[in-house]
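Written below as structure tokens is the structure these notes are about.
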Ligand SMILES: [Zn+2]
């Protein structure tokens, strides 16, 4: 059973919002775009795992996508965590194209594309660290220590994978189910954990803490460097102004009732879920406080405080729903 579904990671949504609102010619864009590509490709890799995972018996396996837990001082992130009544499996998913060579002696993963070599973090070290952290976490929450197995799964079908010596923890996606059958056999004799598995599953979910780092801080970008205004869904210019019930684009003349929803969503992704009427007006480039007030009412933003210090909480899920409804 899938306990925690795979969804587009918030980090990817934040990067998309930033790229959308960051000046096109700024040289910092390259790094942001490269981080976005890496994150997106990781997500596609996990998506590709949904098919082999669908072969697992839902009665016997609990599957969690993108779990982030804290053990001691440090957070650790697991791409796919599989819980059975006999063992736990951590899968680190790698969606990398090109010719890949795993040098176990020097602990490196080297990718070659068009004679250009690039080095990646040695995935076995990553996996071992996750295993140690998860063990610590189980101990911290007073769960018995189930055997923790780990796999690095390469998901890109066009990549060619070779290594300095065979390694049982390194597989391609197509071998995943066979590997699971091997693990089932191997742990057949260990004590059954079914009594506690639901408590463990609930505790994992309750303690999951999504990464919530501010991208502006990460890339040293100040608020006034970002493009403000409401973007036209037709020509992508930030040129929409409200007249009567609609927002009209001053560039291509198209109109929209709901173009402001995306702008508010981007505000939350880039700054905060709390905003004042003034902050909203500045970001959306709206002059009228009354109009801003109506917009905040339309999205049912929760209100805090009084008079000038009044702020509103915007819920990303609620915005998402309204955006979907506006397209129907
Ligand atoms: Zn337009």
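Numbering (UniProt numbering), first residue to last: 1 to 328. For every residue, glycine included, the Cβ atom is placed at its ideal position computed from N, Cα and C.
- If you look at residue 117, you'll find it in the beta strand (DSSP E) that goes 116-120.
- Annotation: the region 93-152 contains the following complete segments of the alpha helix (DSSP H) (minimum length 4 residues), in chain order: 123-140.
- Proximity of the beta carbon of residue 239 to ligand 1 is indicated: a heavy atom of the ligand is located closer than 7 Å.
- Look at residue 285 here: in three-state DSSP terms it is coil, with no helix or strand label.
- Inter-residue distance for residue 54 and residue 4 is about 14 Å (C-alpha atoms, whole angstroms).
- The secondary-structure analysis by DSSP pairs residue 303 across a beta bridge with 312.
- In the DSSP assignment, the residues bridged to residue 276 are 311.
- Residue pairing by DSSP puts residue 243 in a beta bridge opposite 246.
- Between residue 97 and residue 159, the gap from beta carbon to beta carbon is short of 8 Å.
- Apart from the 5 residues on each side of it in sequence, residue 228 sits with its Cβ closer than 6 Å to the Cβ of 283 and 285 in its chain, given in chain order.
- Two segments are said to touch when three or more pairs of C-beta atoms, one from each, lie closer than 8 Å; by this definition the region 299-314 does not touch the region 47-64.
- When the five nearest sequence neighbours on each side are left out, the beta carbons in the same chain lying within less than 6 Å of the beta carbon of residue 237 are those of 251, in order along the chain.
- In this chain, the alpha helix (DSSP H) harbouring residue 217 covers 215-218.
- Remark: the C-beta of residue 315 is outside contact range of ligand 1, defined as less than 7 Å to any heavy atom.
- Residue 3: member of the beta strand (DSSP E) spanning 2-4, first to last residue.
- Counting along the chain, residue 182 sits inside the alpha helix (DSSP H) bounded by residues 176-186.
- Taken atom to atom, the span from the alpha-carbon of residue 203 to that of residue 117 is near 42 Å.
- No Cβ-Cβ contact shorter than 8 Å links residue 173 with residue 151.
- The straight-line gap separating the alpha-carbon atoms of residue 242 and residue 19 is approximately 25 Å.
- From the listed residues 26, 13 and 2, the smallest Cα separation to residue 220 is found for 26.
- Look at residue 64 here: in three-state DSSP terms it is strand.
- In the structure shown, residue 203 adopts helical secondary structure according to DSSP, grouped into three states.
- Between residue 62 and residue 89, the C-beta spacing is not below 8 Å.
- In terms of CA proximity to residue 231, 247 leads the group 39, 224 and 247.
- Closest option to residue 9, judged by alpha-carbon separation, among 24, 126, 104 and 38: 38.
- Here the alpha carbon of residue 207 sits roughly 18 Å from the alpha carbon of residue 145.
- By DSSP's assignment, residue 71 forms a beta bridge with 74.
- Just so you know, the alpha carbons of residue 324 and residue 294 end up roughly 20 Å apart.
- The beta-carbon distance between residue 261 and residue 201, rounded to whole angstroms, is 35 Å. This is too long to meet the 8 Å contact definition.
- Straight across, the Cα-Cα distance linking residue 299 with residue 138 is about 41 Å.
- If you check the C-beta of residue 255 against ligand 1, you find no heavy atom less than 7 Å away.
- Residue nearest to residue 240 within the set 263, 224 and 189 is 263 (criterion: CA-CA distance).
- Annotation for residue 172: the continuous beta strand (DSSP E) segment containing it runs 170-172.
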